[in-house]
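Counting from 54, one number per residue, gives the positions in the sequence shown under the numbering used here.
Glycine is no exception: its CB is placed at the ideal position from the N, C-alpha and C atoms.
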Amino acid sequence: MNLLNKINEIISIDILKEGDKEELFVGNPFYIDYESVRLLTCDYWKYKVKGIPKGCFLLAFYKGEAENENKEALLLRVINPTKLPMDDDIIATMIAYYKENKDISGREGSEKESKLDPYTRYELSFSGLECRILGVFYKDKNGKTKFGADIENYYAPNNYKVYKATGDVLKFIVNQGMKDFINNEEDTGIFKIGKVRYASTQRFQQEEDEVPVYISSKDFLGTRTALFGMTRTGKSNTVKMIIKAVKEISEKAINQDLPNDPIDLSIDDGQPFTKEGKPKYKVGQIIFDINGEYANPNLQDEGTAIYDIYKEDVVRYSVVEKKDFKVLKINFFEDIEAGFYLIKKFLEESGDNNDYIRSFLSINLNKPDDYEDDHSVKTRYDRKVAAYKCMLYRAGFQPSQDKIKFPGKEEINKLVRPDNPIKPDEGISYNDACIWFEEAWKNYNKWEIFNKYRNEKDKEYFDEDMQAILRMLTRMNKPGSNISSSNISISGFLKIRPMVKYHTNTSKESFEKEILKSLREGKIIIIDLSQGDEEIQKVYSERICEYIFNDSMRRFTELKPNNFIQFYFEEAHNLFPKKEDKDLSQIYNRIAKEGAKLNLGMVYATQEVSSISSNILKNTQNWFIAHLNNEDELKEIKKFYDFEDFLDSLKRFSVETDKGFVKMKLLSNPFVIPVQIDKFKKES
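Shown next, in the form of C-alpha cells:
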C-alpha cells in the first residue's frame with residue numbers, strides 16, 4: 054500500500070464509532086469541567102487495555118439518554134493520579150494488613166495469591182486519574198468528523214464512559230491534520246516522522262502494533278521550528294529528516310526558475326503554492342553547521358551526512374581552505390561594504406568600547422546617492438575609501454592591485470614629500486598612499502592648508518568619518534609631530550589583523566551573492582563553521598542571513614516572487630541573541646517575526662532554551678522537545694502550548710533506549726504528541 058492510500062485509510066476512520074469499544078473501557082468520570090476530567094479506574098481495566106501510561110490519549114463518550122448515538126467524543130490526555138474520597142480508608146486498610154504481614158497484592162484482578170476477602174480486594178484495586186481535555190471530535194452538518202480545541206458543553210460526569218485510544222483510533226488522532234495536505238489524489242510532502250511512544254519503559258507498548266506518525270513538510274516551509282534537547286538526544290537526526298522532506302517537496306515544484314519580474318496579480322494570486330498544494334518554485338536550504346556534522350562524514354553518521362546523499366545539489370563552504378569546499382572569504386578591497394560589515398561585526402563582538410573604535414564603527418562607506426552628480430561629494434568619498442584601503446594594507450590585507458588612485462591635492466602632495474611629491478591622482482603604490490595619509494594626519498593641526506580651510510569654511514578638511522579612519526591607520530588618536538612609538542597611543546589597525554585570514558585578493562564577487570543565487574535555484578548550502586572561532590561564526594552567519602533577508606524583502610516590496618528558503622541553525626545559542634537582549638532589530642529576530650511573509654523558514658536546535666530570545670520563541674510554531682536536565686529550561690518550555698503535561702518525563706532520559714524520544718507540537722497539530730523519531734537513513 055502506498056503512502057497516499059495509507060493516509061486516506063487513516064483519516065477515513067469513523068473515530069466516533071471505532072473508539073467506543075467495550076474491550077477498551079478504562080473508567081467512569083466523577084468530575085468534569087471545561088478543562089479537565091477526573092475518572093475512576095481499577096487495576097483490571099488497566100491491565101485489560103495493556104496499561105494507561107502518563108500522557109496517553111483517552112476518549113470520553115456521552116452515554117446519557119439525551120442522545121442515541123455518538124455525536125462527539127472528548128479527547129483526553131492522562132496527566133496525573135488524582136485522589137478518591139475513599140483513599141484514606143484504603144491506605145488505613147493496607148497499613149493494617151501490612152502490619153499483620155498478609156499478602157494483599159492480588160494479580161490484575163485475580164483472587165490468586167491474595168489473602169484478602171473479595172470485597173476488600175475489589176475496593177483496593179480502584180484509583181483515580183486526572184486528565185486534561187484537549188478538545189472534541191464531532192460530526193459537522195455534512196457528516197464529516199471535525200476537531201475543536203475546546204468544548205462548548207458538558208453533562209454530568211456519570212453520563213460518560215472513557216475508553217483508551219489504540220490501533221486505528223490512535224492513528225486517526227495523531228494524524229488527523231494530514232487531511233489538509235492531500236489534494237487531488239496526491240500527497241503534498243507527507244512523510245513518516247516516527248511512531249507514538251508514551252514512556253521510556255515499553256513493556257506493554259511493545260506488544261501492541263506500531264502507530265505511525267505522519268507530518269507534512271509544508272509544516273516547516275516559511276515557519277519557525279525549534280528542536281530542544283541535551284547533546285546526543287537525537288536533534289540532528291530530526292533535522293536530517295526535515296531536510297530530506299523539504300528536499301522531496303522541492304522536487305515537486307512546478308517551476309524550475311524563479312522569475313525576476315513583478316507578479317501580475319490579475320493572473321497570479323501571489324501565493325507560494327499551487328491549488329494542488331505544490332510549491333511554485335524550488336526550495337533552497339542553508340545549514341549553519343557549527344560542528345561540521347552535515348558537511349563532513351563522521352563515525353556517528355553511518356553514511357547519512359547530507360552532503361553524501363545529495364552531492365549533486367549541495368554546495369559546501371568553509372572558513373578555511375578545504376578540498377571540495379568553497380571558501381568563505383571576500384576581497385575586502387573590492388567589496389567594500391561586505392568587508393566593512395565583517396570588520397564591524399568582529400569589533401562589536403570583541404567588546405572593545407574605546408572611543409576611537411566607536412567612531413570607526415559609525416563611519417559610512419556606502420556610496421552616496423549624488424556621487425556622480427556632485428564633484429565635491431565624489432572627491433570626499435573616493436579619498437575616504439582610499440584611506441580605508443590603506444588601513445587594510447597596513448593591517449596585512451594584500452590588495453588585488455599594486456597601485457591605488459584617489460584625489461589628492463597639489464599643495465598636500467608637495468608637503469608630504471617635498472623632494473619627490475606623491476601624486477595620488479596618477480596612481481601610486483599602497484605604501485606611498487599610506488605615507489600620504491599618515492603625513493597629512495600627523496601635520497593636521499600644523500599645515501596652513503588645513504588651518505585656512507578650517508577658518509574659511511568653518512568645518513574640518515577631514516570630516517568625522519575620515520578622521521576615524523586616519524586614527525585607525527596611523528594608530529594616533531590625535532595628530533602628532535611624527536609617527537613613532539612615543540606618539541602611537543592606540544592599537545588602531547592591529548585590532549583587525551585577525552580578520553586577514555578571511556580575505557582573498559582574487560575573488561571579485563562576495564560569497565553571499567553566490568550563496569543566494571544557489572538558494573534561488575533550490576540548492577542545499579552547508580556553511581561549515583566548525584573551524585572558526587565564536588566571533589567569526591556569528592559574523593558570517595549574521596552577514597549571510599541579512600543578505601538573504603534584505604534581498605527577500607526587496608523582492609517582496611517590488612512584487613517579485615520569493616521561493617521558500619529554509620535556514621537551519623545548529624547550536625543556536627551560540628548565534629542567536631540572548632534572552633535579555635532587547636534589540637529586536639537583530640537579523641534572527643527579524644527572520645522569526647517577518648520571515649513568514651518573505652517565505653523564509655527557520656529551524657534551530659539548542660540545549661539552552663532559556664538563553665534564546667523570547668521574541669524568537671514566541672514566533673515558533675513547530676516544537677520537538679527531547680531530554681532537558683534542569684528546571685530553568687523546563688520553566689521556559691512550560692510557557693508554551695500544553696508542554697506542562699510532560700515536564701517530569703522530559704527530565705528522565707536513558708541513553709540506551711530514549712534517543713529520539715520527543716514531545717512534538719506542529720502547526721498542523723492542535724496538541725502535543727509523544728513520538729519516537731525514526732532513525733534517519735539514506736533510503737528512508
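- In this chain, the beta strand (DSSP E) harbouring Ser180 covers 179 to 192.
- DSSP places Met231 within a helical segment (H, G or I) once states are collapsed to three.
- In the three-state DSSP reduction, Leu280 falls in the strand class (E or B).
- The alpha carbon of Phe386 has as its nearest neighbour, out of Phe273, Phe503, Lys442, the alpha carbon of Lys442.
- As computed with DSSP, Thr135 is found in a beta bridge with Gly181.
- Arg91 is bridged by DSSP to Tyr84, Glu183.
- Between the C-alpha atoms of Ala439 and Arg447 there is a straight-line separation of about 12 Å.
- Taking all protein chains in view, the Cβ of Met717 is crowded by 16 or more other Cβ atoms within 10 Å, so the residue is classified as buried.
- Taking all protein chains shown into account, Ile296 has 16 or more neighbouring C-beta atoms within 10 Å of its C-beta and is therefore buried.
- According to the DSSP assignment, Lys288 belongs to the alpha helix (DSSP H) that extends over 288 to 303.
- Per DSSP, reduced to three states, the secondary structure at Phe244 is strand.
- Runs of the beta strand (DSSP E) lying entirely within the segment 609 to 666, each at least 3 residues long, are 618 to 622, 653 to 659 in chain order.
- In this model, Asn406 and Phe281 are separated by some 34 Å (Cα to Cα).
- 9 Å or more divides the Cβ of Phe620 from the Cβ of Pro332.
- By the neighbour-count criterion, in which a residue is buried when 16 or more other Cβ atoms sit within 10 angstroms of its Cβ, His428 is exposed.
- Straight through space, the alpha carbons of Ala202 and Ile226 are spaced by roughly 13 Å.
- The distance from the Cβ of Leu703 to that of Leu687 is about 6 Å, consistent with a contact at the 8 Å cut-off.
- The three-state secondary structure of Lys712, taken from DSSP, is coil.
- For Asp581, the enclosing beta strand (DSSP E) starts and ends at 577 to 581.
- The alpha-carbon separation between Asp388 and Tyr434 amounts to approximately 15 Å.
- Taking 9 Å as the cut-off, the beta carbon of Ala113 is found no closer than this to the beta carbon of Tyr251.
- Around the beta-carbon of Leu77, 16 or more other beta-carbon atoms lie within 10 Å, marking it buried.
- The continuous stretches of beta strand (DSSP E) do not include Ala348, and DSSP gives it neither H nor E.
- Taking the Cα positions, Leu92 is about 16 Å away from Tyr100.
- Taken atom to atom, the span from the alpha-carbon of Lys192 to that of Asp221 is near 18 Å.
- CA-CA distance, Gln639 to Ala658, rounds to 19 Å.
- Asp140 has its alpha-carbon roughly 10 Å from the corresponding atom of Met147.
- Here the alpha carbon of Phe257 sits roughly 7 Å from the alpha carbon of Gly104.
- In the DSSP secondary-structure assignment, Ala113 is bridged to Leu127, Val215.
- Of all alpha-carbon atoms in Phe602, Glu611, Ile665, the one lying nearest the alpha-carbon of Leu628 is that of Ile665.
- Across the structure, Met519 and Ser571 are spaced so that their CA atoms are roughly 38 Å apart.
- The three-state secondary structure of Asn308, taken from DSSP, is strand.
- Nearest C-alpha to Asn81 among Lys293, Ile726, Asn212, Asn206: Asn212.
- DSSP, read as helix, strand or coil, puts Val725 in coil.
- Cβ-Cβ distances below 7 Å link Thr710 to Ser253 in the same chain, with the five nearest sequence neighbours on each side left out; the list follows chain order.
- In this structure, the straight-line span from the alpha carbon of Gly337 to that of Glu574 is close to 7 Å.
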